[in-house]
Amino acid sequence: MDAAPALPPGRRPGGGMSYLEWIAAALVLINVALVALRSVWNYPFALVAVTLYAFVFFEAKLYSDMLLQGFFFALNLYGWAAWMRARDESGVPVRWMSGSARRGWALATIAAWAGWSFAMDRHTDAAAPWIDGAIAMLSITAQWLLARRRVESWFLWILVDLIAIPLFASRGLYATSAVYVVLLGLSIDGLVQWRRAAATDGMTP
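Residue numbers for the sequence shown follow numbering that gives the first Met the number 0, so the first one is 0 and each next one is one higher.
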């Protein structure tokens with residue numbers, strides 16, 4: 000008798016939803032809710048979530064997103080340390096970027112997206128490499144700005160959510176797609192809270 004094919008990590012027999020995906024999705028929701036509240040304890044949840052999502056995205060052939068999780072892991076460690084140094088009794092202070100910094104980051108993100116997506120399109124069997132690449136590069140920029148406590152990070156997360164919802168649904172990652180619907184709402188709330196916090200500290204766009 001032939002051996003049964005090995006199932007990917009956490010995958011139910013018959014192709015059902017991945018247990019890892021559900022666990023990772025729940026951890027992401029907790030993480031983002033804590034980020035919006037400017038709590039430094041968002042980071043432990045983020046570290047576990049990105050580790051699990053590396054397996055989930057590999058299975059879905061979303062290689063840009065899979066590789067992105069390694070970057071997220073390192074940047075979350077950096078962000079955790081940076082937030083621990085910066086926090087005060089009312090939470091981590093936030094601020095706006097300068098106009099020149101915004102333009103520089105916008106150009107760098109567009110260039111990185113074009114180069115990365117072209118490479119993934121030419122050299123891998125990635126599904127939707129250009130859309131997946133946009134999510135990856137926008138997420139890298141957003142995560143870095145989040146670690147640096149910049150209000151603009153939330154605008155990018157909102158854009159990431161809007162792109163990711165239909166892509167993940169099209170790849171059968173329904174739990175993750177549903178999570179990104181919730182993340183869209185949390186990102187909008189995070190933007191509102193961080194704008195208010197920046198204004199309280201005398202910071203303006």
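Cβ coordinates follow ideal geometry from the N, Cα and C atoms, glycine included.
Check	Outcome
Which class does Arg37 belong to by DSSP, given the choice of helix, strand or coil?	coil
Would DSSP call Arg147 helix, strand or coil?	coil
My parser needs the alpha helix (DSSP H) runs of 4 or more residues fully inside the stretch 21 to 70; what are they?	41 to 58
So if DSSP puts Arg233 in a beta bridge, which residue, or which two residues, is it bridged to?	The first residue shown for the chain is 0 and the last is 204, placing residue 233 beyond what the model contains.
Buried or exposed for Phe206, please, with buried defined as at least 16 other CB atoms from any protein chain shown within 10 angstroms of its CB.	Past the boundaries of the shown model lies residue 206; the chain is included only from 0 to 204, so the question cannot be answered.
Go through the stretch 107 to 166 residue by residue and report every complete run of the alpha helix (DSSP H) that reaches 4 residues or more, in order.	128 to 146
Indicate the three-state DSSP secondary structure (helix, strand or coil) for Gly171 in the structure shown.	coil
I need the DSSP call for Gly14, collapsed to helix, strand or coil.	Residue placement at Gly14 is flagged as unreliable, the pLDDT there being 42, under the threshold of 50; the coordinate-derived value follows with that caveat. DSSP places Gly14 in coil when its eight states are reduced to three.
Taking C-alpha atoms, which residue in Ala73, Asp160, Pro165 lies nearest to Arg181?	For the record, residue 181 in the displayed sequence is Val; it is not Arg. Among Ala73, Asp160, Pro165, the Cα nearest to that of Val181 is on Asp160.
In whole angstroms, give me the CA-to-CA distance for Leu19 and Pro92.	34 Å
By how many angstroms is the C-alpha of Ala110 removed from the C-alpha of Gly9?	Confidence is the limiting factor: at Gly9 the pLDDT is only 46, short of 50, which leaves the residue's position unreliable, though a coordinate-based value still follows. Those two C-alpha atoms are separated by around 36 Å.
How would you call Ser97, buried or exposed, if buried means at least 16 neighbouring beta carbons within 10 angstroms?	exposed
Use the C-beta contact count for Val34: other C-beta atoms within 10 angstroms, 16 or more gives buried, fewer gives exposed.	buried
Classify Thr199 as buried or exposed, calling it buried when 16 or more other Cβ atoms lie within 10 Å of its own Cβ.	exposed
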